[in-house]
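Numbering-wise (the working numbering), the sequence shown opens with residue 188 and increments by one.
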Amino acid sequence: MHSNASSKPSVLPYKELEESVWKKDICAGCRACITVCPGNTLAFDGKEHKPYQFTPCVDCKACLEVCPRTPANYAAFRSTEIIGPYLDIKSARAGVEVERAQNGGVVTALLTAALEEGLVDCALVMGSDRWIQKAHPMIAYYPEDLSKAAGSKYDSNGVLEALKTVASDDSIRSVAVVGTPCAIQSIGLLRASTNEYAMKLAKKVRFAIGLFCFEVFDDAMVEEVSKRLGVPTWRITKMNAGEGKMTVTLRGGEVKQLPLSSLGDYVRKGCKVCPDFTSKSADISVGSVGSKPGLSTVIVRSAVGLGLFEIALDMQFIETVPGVDSVAIEKVGKLKLKRNGLQ
Ligand SMILES: Cc1cc2nc3c(=O)[nH]c(=O)nc-3n(C[C@H](O)[C@H](O)[C@H](O)COP(=O)(O)OP(=O)(O)OC[C@H]3O[C@@H](n4cnc5c(N)ncnc54)[C@H](O)[C@@H]3O)c2cc1C
Ligand code: SF4
Ligand code: SF4
Ligand code: SF4
188 MHSNASSKPS VLPYKELEES VWKKDICAGC RACITVCPGN TLAFDGKEHK
238 PYQFTPCVDC KACLEVCPRT PANYAAFRST EIIGPYLDIK SARAGVEVER
288 AQNGGVVTAL LTAALEEGLV DCALVMGSDR WIQKAHPMIA YYPEDLSKAA
338 GSKYDSNGVL EALKTVASDD SIRSVAVVGT PCAIQSIGLL RASTNEYAMK
388 LAKKVRFAIG LFCFEVFDDA MVEEVSKRLG VPTWRITKMN AGEGKMTVTL
438 RGGEVKQLPL SSLGDYVRKG CKVCPDFTSK SADISVGSVG SKPGLSTVIV
488 RSAVGLGLFE IALDMQFIET VPGVDSVAIE KVGKLKLKRN GLQ
């Protein structure tokens, strides 16, 4: 019998993720590893906010390629640059009113242009159960679906679950994805990868629209806010995290606030090492900082992003307003890096 004793047994890729990401509590919770996995080997533990392995692994390494938190990928994303590369930066708003828009409704307007022009088959966004205010990934095929999904959801960054759903559907050729910087970093890694499973998925993503993001909270945050403010969750129409406060708008227009610092225990662990505030890997990034109330700051980064932005302008789905306060963006971005021990 041939002895194999001298060759070192190879470690399965998911085991590498387990050791270098999951066990170190630095998982961003982006679900890219689960989305790309051809064997459905991984699933997400919503309580622990990280994946786990539950079926045999076929050793394809796709998960390692697309994870933004492996030591190599994390090192590549670590940078003290806040705004990152761009072709254009503008304050903007939607040309028509977007009900429930978080800021200027620009993300909804860009996606509406993409759907109406037939540039994508669907948009992957975050919907919400408005009774309990719990976010869930959603596939929007029509502009009406988009208006239901407008507004920021602070309790989930799991939009790539929707990409997994459309991955095996051959009738869906191209999608727009809206994501937090970590999800958009994963899309950047998908696009750069030569792994066959990563490439298959990357081919479907025509537009990656990134949001600015300081942090995401765990599922219990909304319930805690509702308890502390003494209002049932169904009375909440909007939440906005910014300028040190969680601002909650209720049905009827009443506004209540809590200091964000009082919700510190609910911030996801993986957010506390996050190096990206402005979604630097996106085609277009959108946030509120840097623009006046009722407007969104739009950072157009790639040629693809510029194409979509120009089409939306042509269709008068968005309009721009002069002046972006880049210093304000830098300031909040640096605050995030400092909080996360990266500066
Ligand atoms: C968790 C989180 C933290 C943020 N933190 C900041 C911040 O600190 N500073 C800042 O300037 N901006 C921040 N933003 C971005 C800001 O709140 C707005 O989302 C952005 O300005 C776009 O506004 P809009 O009116 O153009 O978008 P809208 O027209 O309201 O559309 C928003 C789109 O984003 C989708 N979406 C909402 N939540 C998520 C999510 N969690 N993951 C993926 N897609 C989602 C919606 O489904 C919708 O399609 C944050 C957003 C999120 C989700
Ligand atoms: S992506 Fe490939 S290597 Fe990773 S867990 Fe799935 S089958 Fe294993
Ligand atoms: S950071 Fe994303 S890709 Fe990496 S292990 Fe966590 S969920 Fe998977
Ligand atoms: S802070 Fe935002 S981008 Fe960073 S890991 Fe958390 S959800 Fe992702």
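Note that CB positions come from ideal geometry on N, CA and C, so glycine has one too.
For residue i, the three-state DSSP class (helix, strand or coil)
i    : result
S190 : For S190, the pLDDT reaches just 39, beneath the cut-off of 50, and the residue's location in the model is therefore unreliable, although a value from the coordinates is still provided. It is coil, neither helix nor strand.
G271 : coil
S358 : coil
Q372 : helix
L306 : coil
M408 : helix
F394 : strand
A215 : coil
F264 : helix
M386 : helix
E203 : helix
E506 : strand
L450 : helix
D332 : helix
P258 : helix
K340 : coil
For residue j and residue i, believed in contact at Cβ under 8 Å, the rounded distance
i    : j    : result
L311 : L493 : L311 to L493, Cβ: 21 Å. No contact.
D129 : V491 : The structure shown does not extend to residue 129, since the chain spans only 188 to 530, so no value can be given for it.
G314 : M325 : 3 Å
T465 : I516 : 7 Å
C247 : N382 : 7 Å
R378 : A389 : 5 Å
L495 : L302 : Not really, about 11 Å apart at Cβ, beyond 8 Å.
E304 : I423 : Incorrect: roughly 34 Å between the Cβ atoms, too far for contact.
L229 : Q240 : 6 Å
Alpha helix (DSSP H) segment containing residue i, residue limits
i    : result
I221 : A219 to V223
G492 : A490 to D501
L251 : A249 to V253
Chain-order list of residues whose beta-carbon lies under 7 Å from that of residue i (same chain, five-residue window excluded)
i    : result
E506 : A279, R280 and G282
D308 : I359, R360, S361 and V362
T299 : P330, L333 and F504
Own chain partners of residue i with C-beta closer than 8 Å, once the 5 adjacent residues on each side are dropped
i    : result
V442 : T434, V435 and T436
G226 : T242, P243, C244, V245 and C247
S334 : V285, E286, R287 and T295
K391 : L350, V353, A354, I359, R360, S361 and V362
L450 : F404, M408, E411, V412 and M433
Cβ-Cβ distance between residue i and residue j below 7 Å
i    : j    : result
F399 : G474 : yes
G375 : S468 : yes
F231 : Q372 : no
S343 : A322 : yes
Y384 : V223 : yes
V293 : V485 : yes
P238 : I221 : yes
P255 : R488 : no
G182 : G439 : Lying outside 188 to 530, the shown extent of the chain, residue 182 is not represented and no answer is given.
Enclosing beta strand (DSSP E) for residue i [first to last residue]
i    : result
R526 : R526 -> not in any beta strand (DSSP E); alpha helix (DSSP H) instead, spanning S513 to R526.
G282 : G282 -> no beta strand (DSSP E), and no H or E assigned at all.
L437 : K432 to L437
L529 : L529 -> no beta strand (DSSP E), and no H or E assigned at all.
Residue i at chain E interface by Cβ criterion, 7 Å
i    : result
V198 : Note that chain E does not occur in the displayed structure, where there is just one protein chain.
Beta-carbon contacts of residue i that lie in its chain and below 6 Å, excluding the five residues immediately before and after
i    : result
K459 : N527
A192 : Its pLDDT being 43, under 50, A192 is placed unreliably in this model, and the value from its coordinates should be taken loosely. Taken in chain order, the list of residues that qualify is empty.
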